[in-house]
Amino acid sequence: MSLKNIRLEVMQHLEKDVDSLIEKYLIPIEKIWQPTDFLPDSTKDSFYEELREIRALSKELDYDFWVVLVGDMITEEALPTYESWLMDVEGVDQVDKENAWGKWVRHWTGEENRHGDVLNKYLYLSGRVNMKEIEKTTQYLIADGFDIGTDRDPYKNFVYTSFQELATYVSHNRVAKIAKEKGNKRLAKMCKIISGDEMRHHHAYAEFVERIFAVDPNQMMMAFHDMMKRKIAMPAHFLRESGDKIGTAFEEFSNTAQRIGVYTSNDYVDILQKLIDRWEIGNLTGLNEEAEKARDYLMKLPPRMYRLSERIKIPENSFQFKWVDPA
Numbered sequence: 046m047s048l049k050n051i052r053l054e055v056m057q058h059l060e061k062d063v064d065s066l067i068e069k070y071l072i073p074i075e076k077i078w079q080p081t082d083f084l085p086d087s088t089k090d091s092f093y094e095e096l097r098e099i100r101a102l103s104k105e106l107d108y109d110f111w112v113v114l115v116g117d118m119i120t121e122e123a124l125p126t127y128e129s130w131l132m133d134v135e136g137v138d139q140v141d142k143e144n145a146w147g148k149w150v151r152h153w154t155g156e157e158n159r160h161g162d163v164l165n166k167y168l169y170l171s172g173r174v175n176m177k178e179i180e181k182t183t184q185y186l187i188a189d190g191f192d193i194g195t196d197r198d199p200y201k202n203f204v205y206t207s208f209q210e211l212a213t214y215v216s217h218n219r220v221a222k223i224a225k226e227k228g229n230k231r232l233a234k235m236c237k238i239i240s241g242d243e244m245r246h247h248h249a250y251a252e253f254v255e256r257i258f259a260v261d262p263n264q265m266m267m268a269f270h271d272m273m274k275r276k277i278a279m280p281a282h283f284l285r286e287s288g289d290k291i292g293t294a295f296e297e298f299s300n301t302a303q304r305i306g307v308y309t310s311n312d313y314v315d316i317l318q319k320l321i322d323r324w325e326i327g328n329l330t331g332l333n334e335e336a337e338k339a340r341d342y343l344m345k346l347p348p349r350m351y352r353l354s355e356r357i358k359i360p361e362n363s364f365q366f367k368w369v370d371p372a
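Numbered per our numbering, the sequence shown spans residues 46 to 372.
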């Protein structure tokens with residue numbers, strides 16, 4: 046049987062448990078928070094007073110902070126790209142409404158959609174950013190699509206989402222801490238609850254991988270190895286500003302995030318190590334020769350990457366984005 050058919054068979058085997066995993070990891074729409082819970086109510090007289098407070102507190106946050114917050118928001122707003130990608134994964138069927146994997150992707154998308162929505166509205170109210178330029182960048186990112194190196198392989202896609210959900214947890218959580226230190230409780234609470242969603246989603250995708258390891262450990266190990274060997278591409282790696290070429294803004298955005306400690310090269314390695322520990326890669330038994338070599342590569346990878354990360358030099362000067370007024 047081909048690897049593609051084996052993966053489809055495994056996905057069909059796991060599908061019977063997806064409804065229970067939705068109940069475990071996702072929150073019913075009537076119970077989960079919505080963006081309006083964190084934003085001024087425009088129907089009330091207090092709206093303008095709250096708006097003045099948002100704009101006043103926004104002045105306490107520096108340029109690099111706003112660049113990172115904008116980049117995080119744009120990444121979240123590109124959700125249609127991620128949904129369409131996951132809907133094309135082997136075993137996911139968006140036509141058959143009874144397909145549990147399709148149901149998972151739709152419900153997960155519904156939860157994730159709120160993140161970009163609330164951050165977008167907050168940025169608009171803050172008065173610190175150029176929304177027209179941000180909107181252009183968001184449209185470019187969706188139109189340009191992305192290639193995360195997973196093809197339609199569910200094993201690789203679940204490694205990617207396990208990693209990426211934890212990375213977005215780190216980023217939003219750090220932004221929340223900076224906002225709190227500057228006295229911006231509203232923004233801190235907003236980003237903190239977003240990070241909580243991301244951690245919940247990380248645990249879900251990590252459990253998907255655990256379940257695959259239980260039934261197809263050799264090929265799951267190879268998929269993990271392949272994804273880490275090529276390195277995890279961030280969702281916004283094609284990020285660009287208006288008038289620029291595809292991908293030209295991503296490196297400067299990444300430099301900014303690293304400079305203020307929101308997401309660093311060490312965080313990348315920390316996440317890899319957490320996945321190795323979570324999936325108990327060192328304790329798996331019964332692997333074939335190829336999978337053993339892949340496991341050996343993965344176990345040795347974090348120390349090597351930590352050494353490399355120590356040599357990385359981050360530019361001290363901020364890049365001037367069109368998104369944010371430097372004043």
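Where a beta carbon is used, it is the ideal one built from N, C-alpha and C, also for glycine.
The model shown is predicted, which means the values in this text are computed figures rather than measured ones.
In this structure, Thr182 and Glu286 form a Cβ contact; the two beta carbons are roughly 6 angstroms apart against a cut-off of 8 angstroms.
Contact check between the segment 159-171 and the segment 110-126: three or more CB pairs, one atom from each, fall below 8 angstroms, which counts as touching. Assignment of beta-bridge partners to Val150 by DSSP yields no partner.
Ranked by Cα distance from Tyr205, the first of Leu168, Phe269 and Lys225 is Phe269. Rounded to whole angstroms, the separation of the alpha carbons of Arg151 and Asp138 is 11 angstroms. The beta carbon of Ile77 is closer than 6 angstroms to none in its chain, skipping five residues each way along the sequence. Residue pairing for Val369: DSSP places it in a beta bridge opposite Val174.
About 19 angstroms separates the CB atoms of Val314 and Pro280; that is not less than 8 angstroms, and the two are not in contact. The C-alpha of Met266 lies about 21 angstroms from the C-alpha of His246. In this structure Trp324 touches Phe258 by the C-beta definition: roughly 6 angstroms separates them, less than 8 angstroms.
Rounded to whole angstroms, the gap between the alpha carbons of Ser310 and Ser91 is 43 angstroms. Bounds of the alpha helix (DSSP H) holding Glu95 are Phe92 to Ser103. Under the DSSP assignment, Thr206 falls in the alpha helix (DSSP H) whose first and last residues are Pro199 to Glu226. The beta carbon of Asp370 lies closer than 8 angstroms to those of Arg173, Val174 and Asn175 in the same chain, with the five residues before and after it left out. Of the candidates Lys222, Gly228, Met344 and Lys227, the residue whose Cα lies closest to the Cα of Ile239 is Lys222.
In this chain, the alpha helix (DSSP H) harbouring His246 covers Lys230 to Val260. Taking C-beta atoms as the reference points, Ile326 and Met344 count as a pair closer than 9 angstroms. Closest by C-alpha distance to Glu105, out of Glu255, Gln303 and Lys225, is Lys225. The shortest C-alpha to C-alpha distance from Met132 to any of Ser87, Asp196, Val115 and Lys89 is the one to Asp196. Taking all protein chains shown into account, Ser87 has fewer than 16 neighbouring C-beta atoms within 10 Å of its C-beta and is therefore exposed. Between the alpha carbons of Asn202 and Leu96 lies a gap of roughly 41 angstroms. DSSP places Arg356 in the coil class of the three-state scheme, outside both helix and strand. By the Cβ-count criterion, Tyr185 is buried, with 16 or more other Cβ atoms from all chains shown falling within 10 Å of its own Cβ.
Unbroken alpha helix (DSSP H) runs of no fewer than 4 residues, entirely contained in the segment 311-360, are found at 334-354, following chain order. Comparing alpha carbon positions, the residue from Val63, Leu66, Arg340 and Gly155 closest to Pro80 is Gly155.
Within a 10 Å sphere around the beta-carbon of Asn328 sit fewer than 16 other beta-carbons, which makes this residue exposed.
Per DSSP, reduced to three states, the secondary structure at Gly194 is coil, with no helix or strand assignment. The residue among Ile179, Ala249, Asn218 and Met244 with its C-alpha nearest the C-alpha of Lys234 is Asn218.
Shown here, Ala123 sits in coil according to DSSP, grouped into three states, outside any helix or strand.
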